[in-house]
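Count along the sequence shown from 1, add 492, and you get the number used in my numbering. Quick reminder that beta carbons are idealized off the backbone N, C-alpha and C, glycines included.
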Amino acid sequence: MNALPPHAHQLGEASSIWFKLTPLLKGPDNPMSVLMQMAERYGGVIPVNMGDQRVVLLSDPDHFKRVLVTKADDYIKYFDGLKPVFGKSMITHDGALWQKIRMPQQPAFHPDMFAEYIPYFLDAIRSKMELWTKLAETGESVEMVEQTWTLAADMICKALFDRDMPFNPHFVFKCVKTYTDVMNHKSIRLKKVAGQDFEITEEDAAKAMDVWAGVPPMVFDADPREERERTLLKMIEAAAADPAIPEFDEQQAVDELKQYLWAGTETTALTLAWALYLTSQHPEASERIRKEGETTYGDRPPTASDYSALAYTRAVIQETMRLFPPIWMLMRVASKPDVIDGKEIRPGDRVALFAYGAHHSEKYWENPEQFLPERWLGDAAKKRKPYTYLPFGGGKRSCIGGAMSQVENTLALSILLRRFRPEYVGNTPPGINATVTLTPKGGLMFKIHERD
Ligand code: HEM
């Protein structure tokens, strides 16, 4: 076997936190159950010795606040194994450098920009509808996360980069999945140790990341759709050309695109796919979404103010992210000693904020396992204890694109469900695969039907 690039080994390596967590991620269909039980039995701060390293599992919202806000500078970002996905993009940095890189991009995510983006989101949704029209005719089954990933990637390319997707999204999606599925990495390693064959090789993971590295240059080189001036891509190009920010070099620009094409697609796509699953199991919610769309924007394309009026559809997206938070665990490294709830935190400890645990805890939610979008309507949501719901993280490092993703997913769900009835045809309930994101085990298989 040829020498492999180092990144082929990282995510599933024995030293990787994601690998180390795998023994805790057990349970036939929901690997979260062991962590939930641990949090219940041993409390909100659980130090776990894992070989040469300590992982501290936090599940109390007050402690989330301490790590993300009050003492944010003492808990730094942690990207073990994910460097090939993110390069040196801002998501991986801390302190002054992070700020310097984030600042020139921030205006692209101001809510005032959403009205400008909506027509491009709608273009992407229309292309998806053309495909679904054909799928409804042929009756073939499709995997929904792949469907929603390609939609999310199209929305970002059109709205933020002023490009039509210059790459084959299905191929790129599969490459990213090959790399990020930690369980695959683990079984590769274990089977290799046992001298067995394995289906996905480390070379495949390395090749997948080579494909990934080739995507941003394709975006830069593609023809602009409309030569728009106020796009994220233009802001990134301007920052790379600005001598006042020498750290923002050409590689930084390439890596920022990598970051958006992963962080902005994977999470958005998972949310929409899980929302389509949940609504397929709750026809009354689908019907309410359909009616809300009908009365809000009828037969014309929805606008930014229509988005504001789609309160129930938005609540369905919020409830989906409560039940299936795409980022189920926020990861930090302690850079200074600390004491949380009487437990010592040492520099170098991996501190894992168990967001899924808070989202599913009976302490903070009535009937936490039930899909109840209504809990997001009215005053109840405002009275909730802070940091019990953190799909987009918290504090200064919270998601730059969170509000925008709500617009994308609310509009997509509303429009798709008005025309189609996606029928879930996989196992019920679907299994969960806790990789870096919370993904459905084996995907979510659907058949698409036109509504009568
Ligand atoms: C449902 C959709 C989304 C979810 C659930 C989500 C979740 C998150 C979370 C939890 C974080 C913080 C991670 C941490 O603190 O360790 C984050 C950061 C980030 N997200 Fe999102 N995200 C979503 C959509 C998007 C979109 C649409 C974009 C951009 C197009 C985006 C770009 C980013 C970036 C760049 C960061 C890093 C910010 C920084 O470090 O300054 N995300 N996201």
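- The continuous alpha helix (DSSP H) containing ARG594 extends over residues 587-594.
- Relative to the ligand HEM, the beta carbon of SER827 is positioned no closer than 7 Å to any heavy atom.
- Counted as a single uninterrupted DSSP element, the stretch harbouring ASP871 is not any beta strand (DSSP E), since DSSP gives it neither H nor E.
- Nearest neighbour of LYS726 by Cα position, chosen from PRO738, VAL707, GLU748, turns out to be GLU748.
- Going by DSSP, VAL831 is part of the beta strand (DSSP E) stretching over 830-832.
- It is roughly 33 Å from the alpha-carbon of LEU724 to the alpha-carbon of PRO553.
- Relative to the ligand HEM, the beta carbon of ALA616 is positioned no closer than 7 Å to any heavy atom.
- Rounded to whole angstroms, THR625 and GLU942 show a C-alpha spacing of 7 Å.
- By the criterion of at least three beta-carbon pairs nearer than 8 Å, the segment 828-843 is not in contact with the segment 804-817.
- Here DSSP, grouped into helix, strand and coil, assigns LEU845 to strand.
- Relative to the ligand HEM, the beta carbon of TYR567 is positioned no closer than 7 Å to any heavy atom.
- With a cut-off of 7 Å, the C-beta of CYS891 is classified as near the ligand HEM, since at least one heavy atom of the ligand falls inside that distance.
- Comparing alpha-carbon positions, the option among ARG533, VAL559, GLY543 lying closest to ALA847 turns out to be VAL559.
- With distances taken between CA atoms, ALA803 lies nearest to GLY785 out of GLY785, LEU822, ASP791.
- Contact between the segment 847-861 and the segment 780-795 is absent, with fewer than three C-beta pairs closer than 8 Å.
- Taken through DSSP and simplified to helix, strand or coil, HIS555 comes out as helix.
- Annotation for ILE924: the continuous beta strand (DSSP E) segment containing it runs 924-926.
- Between the alpha carbons of LEU864 and PRO708 lies a gap of roughly 39 Å.
- Non-local C-beta neighbours of SER581 in its own chain, meaning closer than 7 Å and more than five positions away in sequence, comprise ASP747, GLU748, LYS750, GLN751, ordered along the chain.
- Taking C-alpha positions only, GLN591 is separated from GLN597 by approximately 10 Å.
- Fully enclosed beta strand (DSSP E) runs of no fewer than 3 residues occupy 822-826, 830-832, 835-837, 842-845 of the segment 769-850, in order along the chain.
- The three-state reading of DSSP puts ILE617 in helix, counting H, G and I together.
- Counting every other CB atom within 10 Å of its CB across the protein chains shown gives GLU629 a total below 16, marking it as exposed.
- Within a 10 Å sphere around the beta-carbon of PHE613 sit 16 or more other beta-carbons, which makes this residue buried.
- CA-CA distance, PRO914 to ASP741, rounds to 45 Å.
- Under DSSP, THR931 forms a beta bridge with ASN925.
- Between VAL808 and ALA777, the C-beta gap is smaller than 8 Å, which places the two residues in contact.
- Between LEU903 and TYR799, the beta carbon gap of about 6 Å places them in contact (Cβ cut-off 8 Å).
- Taking C-beta atoms under 8 Å as the contact rule, ALA644 and GLU900 qualify, at a distance of about 7 Å.
- For ASN901, the enclosing alpha helix (DSSP H) has its first and last residue at 894-911.
- Here ASP646 has ALA616, MET657 as same chain residues with Cβ atoms under 6 Å from its own Cβ, once five neighbours each way along the sequence are excluded.
- Taking all protein chains in view, the Cβ of SER897 is crowded by 16 or more other Cβ atoms within 10 Å, so the residue is classified as buried.
- When MET542, PRO603, HIS555 are compared, the shortest CA-CA separation from ALA895 is found for PRO603.
- A residue is called buried once 16 or more other Cβ atoms fall within 10 Å of its Cβ, and ASN541, having fewer, is exposed.
- Residue environment: VAL831 is assigned as exposed (fewer than 16 neighbouring CB atoms within 10 Å of its CB, all protein chains considered).
- If you compare the alpha carbons of ARG546, GLN639, PRO922 with that of THR757, the shortest gap goes to GLN639.
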